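Written out below as structure tokens is the structure these notes cover.
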Amino acid sequence: MRGVRMNMSETLGRWQATIIDGGSLSLDGGAMFGSVPRVVWERCIAPDTEHRIPMKTRLLLLEDSRSDRVVLIDAGVGDKEDPAFRDRFAIQLPEGTGEAPLRRAIRSVGVDPQRVTDLILTHLHFDHVGGATELDREGQSTALFPDATHWVQQANWDTGLSPNARERASYMRQNIEPLAAAPLEKIDGNGEILPGISVERVDGHTVGMQTVRIEGGGRVMRYLADLAPTWHHLRAAWTMGYDICAITVVEEKQRMLQAALEEQALLVLEHDPVHAVTSLEERNGKIVARKP
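Heads up: the sequence shown begins at 126 in my numbering, then just goes up one per residue.
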């Protein structure tokens with residue numbers, strides 16, 4: 126699969142799937158690649174002078190041709206945080222002013238953000254859920270889509286409201302608590318949540334994360350979130366220092382890779398700085414990602 130554009134659009138039966146550029150941020154390269162030696166990973170993604178690597182926040186918009194349903198997967202960072210926070214993570218938001226960055230991102234692909242009926246959150250770390258809320262005139266955090274149904278795993282909701290010490294900095298209450306005032310569907314495990322759209326719970330990165338699988342017209346697309354944040358992380362053994370259990374990630378990734386190979390799924394890479402989508406092939410008895 127070569128030459129994939131940033132705002133790629135694919136049809137999967139009733140669903141029109143469009144990748145949205147939700148902005149970018151930078152995180153420590155060592156933390157992103159865990160036990161992979163720097164001499165290896167820096168050849169994959171070059172770090173800056175502060176040892177950070179650039180990453181996208183790549184979202185997925187699904188429009189239903191059979192109804193007025195518009196589904197968004199993940200929400201990016203948002204703009205509620207102070208300049209010091211934005212500088213620490215080198216956050217770059219979608220261009221424009223006058224409205225929340227997530228609304229601008231959705232509008233950039235020709236869709237009115239008011240049409241969003243559902244928001245599937247893979248998990249509640251700040252770079253995945255921050256854009257789902259905005260500050261009102263009184264400086265209070267409120268849901269960006271107050272009438273949309275928000276889908277999250279019950280286990281991750283509980284983790285987000287009461288995080289362990291290791292993850293506390295990633296779960297920010299102002300990103301999470303306001304969502305309780307919007308329609309909220311807390312999911313328990315795997316299953317179809319909308320026609321052709323199912324979620325699969327994975328716990329290695331953080332308890333209760335979910336990946337999203339879209340099927341239609343004989344095709345499959347998988348939104349991998351932080352199970353494989355970049356093309357390079359499609360190697361089963363390449364895990365992140367951020368993962369709470371690396372062995373669990375390896376096992377979950379191996380199952381996903383086998384399933385995705387068999388169904389020839391398109392794989393959306395949420396954080397890869399260059400590659401938006403890839404697929405898999407078997408080479409010399411190993412499952413490998415095709416080079417875009």
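Yeah, the Cβ is synthetic: ideal placement off N, Cα and C, and Gly gets one too.
These figures come from a predicted structure and were not determined experimentally.
Judged by DSSP in its simplified three-state form, L286 adopts helix. The Cβ atoms of I144 and L185 lie closer than 7 Å to each other. Only exposed fits L286, as fewer than 16 other CB atoms lie within 10 angstroms of its CB. Taking 7 Å as the cut-off, the Cβ atoms of P320 and P179 do not count as close.
Judged by beta-carbon spacing, D243 lies beyond the 7 Å limit of A268, meaning their Cβ atoms are not closer than that value.
Of the residues assessed, V164 falls on the exposed side of the cut-off, its CB having fewer than 16 other CB atoms within 10 angstroms. Taking a contact to require three or more Cβ pairs closer than 8 Å, the stretch 334-350 and the stretch 297-310 do not qualify as touching.
Minimum Cα-Cα distance from M334 among the listed residues T355, K311, M346, A290 corresponds to K311. Counting every other CB atom within 10 Å of its CB across the protein chains shown gives A290 a total below 16, marking it as exposed. Contact between the stretch 295-302 and the stretch 245-255 is present: 3 or more CB-CB pairs across the two stretches fall below 8 Å. According to DSSP, residue pairing for M180 in a beta bridge involves L150. Nearest in C-alpha terms to M157, of all of A230, L309, P172, D204, is P172.
With fewer than 16 other Cβ atoms from the protein chains shown falling within 10 Å of its own Cβ, R408 counts as exposed.
With a threshold of 16 other beta carbon atoms within 10 Å, K416 falls short and is exposed. Distance from the CA atom of R293 to the CA atom of A361, rounded to whole angstroms, is 27 Å. When the Cα atoms are used, A200 and P162 turn out to be separated by approximately 31 Å.
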